[in-house]
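> Under this note's numbering, think of the first position of the sequence shown as 46, with each following residue one higher.
Note that beta-carbon positions come from the ideal geometry of N, C-alpha and C, so glycine has one too.
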Amino acid sequence: MISIDLHSHTTASDGTLDPVELCLRAQERNVDILAITDHDTVAAHHFLREQMPDSKLRLITGIELSTTWSGAEIHIVGLNFPLDHKDLAMVVNAQGDARRKRSHHIAERLAKRLPEWNAEQIFQQVLEGVINQQKSTSYGFTLKPEDIQIGRPHFARWLISQGLCKDMDAAFRKYLDNSKIGNLKAFWPKMSQGVAWIRALGGTAVLAHPGKYRMTTTKLRALIKDFKLAGGHAIEVQGSNHPHSQVEQMARYCREFNLMASQGSDFHNPDYPWVDVGRLPPSLPENITPVWEAWN
Ligand code: AMP
Ligand code: MN
Ligand code: MN
Ligand code: MN
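#1: So who's on the other strand from residue 48, going by DSSP bridges?
#2: Contact between the region 191 to 205 and the region 64 to 76 is defined here as three or more beta-carbon pairs at a separation below 8 Å; is this criterion met?
#3: Please enumerate, following chain order, all residues with a beta carbon closer than 6 Å to at least one heavy atom belonging to ligand 3.
#4: Which one of 294, 341, 315, 340 has the shortest CA to CA distance from residue 331?
#5: Residue 288: buried (16+ other C-beta within 10 angstroms of its C-beta) or exposed?
#6: Kindly give me the distance between the Cβ atoms of residue 253 and residue 281, rounded to whole angstroms, as I take these residues to be in contact under 8 Å.
#7: Considering Cα atoms alone, identify which of 61, 47, 228 is closest to residue 175.
#8: If you measure from the CB of residue 53, is any heavy atom of ligand 1 nearer than 7 Å?
#9: Give a yes or no on contact between the region 295 to 306 and the region 95 to 112, applying the rule of three or more CB pairs nearer than 8 Å.
#10: Excluding the five sequence neighbours on either side, which residues of its own chain have a C-beta within less than 6 Å of the C-beta of residue 193, listed in chain order?
#11: Given 8 Å as the limit, is there contact between the region 79 to 96 and the region 48 to 60, that is, 3 or more CB pairs closer than that?
#12: Residue 114 lies in the beta strand (DSSP E); which residues open and close that run?
Pasting the structure below:
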């Protein structure tokens, strides 16, 4: 049985392992095929092109695009596109610009609630936190400050370091949830745009973790239908701890809408053993086509 994990994060986004550390962990855990899918960046892949550890691990290019659909934030995982595609930089830069504006907006919103700080100070401290995190890893993966993509988990780490929250969950609940921080979704492109970009790069567009959007069945079906009509290829059917009933539900949607199936742990860091790289059920449900079947 080969082990395939097509959703994971590094210190290029909100993970805590650098790209090499992630590959080594995947290899230790007997993963055969790994996609690194950082939020809105492929910096880990560019680094690994030079620094890939000597191993049997097959690395698949990937990115997790932040998009919106009908008032919800939807993540589209793009897989297996050429890293040297001439249009990749355009996509990454568009998402990077959005994320940069968004991180300044978050800093401003936080500053309104934390009178002892101003927005610029918060932004700089969060940025420094990311730089220090990157420096603390083992294989020399660092980004120029202007290339660093800040997300809410980085703000959460700063809030925790200031003693303002006890953990990530509390930081999101108290400060960073969409209800608390303003309309962050407005910064992202439409889902159909994200799907079109992945297609333009020659990649496979996957609807990430459909169970995480907390939608009614009616709304989820509408989302999947729109995703299919936008040119989407696959649904992420399995994750590290999706309940069995949900896996079966997503498999039914794959069959109904003629979509392929993907799977990925969404690994971010080693602190949560129930979400580890390669930690997935041994096989996909019957009668669905895995995305990797068409790859050679
Ligand atoms: P962003 O990309 O800035 O929107 O941040 C979203 C990321 O934050 C997700 O990919 C998760 O890794 C993380 N996240 C979202 N909600 C929570 C939560 N309640 N607790 C901890 N982490 C979360
Ligand atoms: Mn994340
Ligand atoms: Mn996601
Ligand atoms: Mn993810």
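In short, the structure shows the following:
#1: Working through the sequence shown from its first residue, we reach residue 48 at position 3. Answer is none; residue 48 lacks a bridge partner.
#2: The region 191 to 205 is not in contact with the region 64 to 76.
#3: 109, 120, 253, 254
#4: Within the sequence shown, numbered from 1, the residue matching residue 331 stands at position 286. Closest option to residue 331, Cα to Cα, is 294.
#5: As a working mapping, residue 288 is identified with position 243 in the sequence shown. Per the 10 Å Cβ criterion, exposed.
#6: Reading the sequence shown from its first residue, position 208 is the one you call residue 253. Reading the sequence shown from its first residue, position 236 is the one you call residue 281. Right, the Cβ-Cβ distance comes to about 5 Å (below 8 Å), so this counts as a contact.
#7: In the sequence shown, counting from the first residue as 1, residue 175 sits at position 130. Nearest of 61, 47, 228 to residue 175, Cα basis: 61.
#8: Locating residue 53 in the sequence shown gives position 8, where the first residue counts as 1. False, no ligand heavy atom lies under 7 Å from that Cβ.
#9: Not touching, per the Cβ criterion.
#10: One-based indexing of the sequence shown puts residue 193 at position 148. Within the same chain, residue 193 has close Cβ partners 175.
#11: Contact holds between the region 79 to 96 and the region 48 to 60, because three or more Cβ pairs, one in each stretch, are under 8 Å apart.
#12: Taking the sequence shown and counting its residues from 1, the one referred to as residue 114 is at position 69. Counting along the chain, the unbroken beta strand (DSSP E) around residue 114 starts and ends at 107 to 114.
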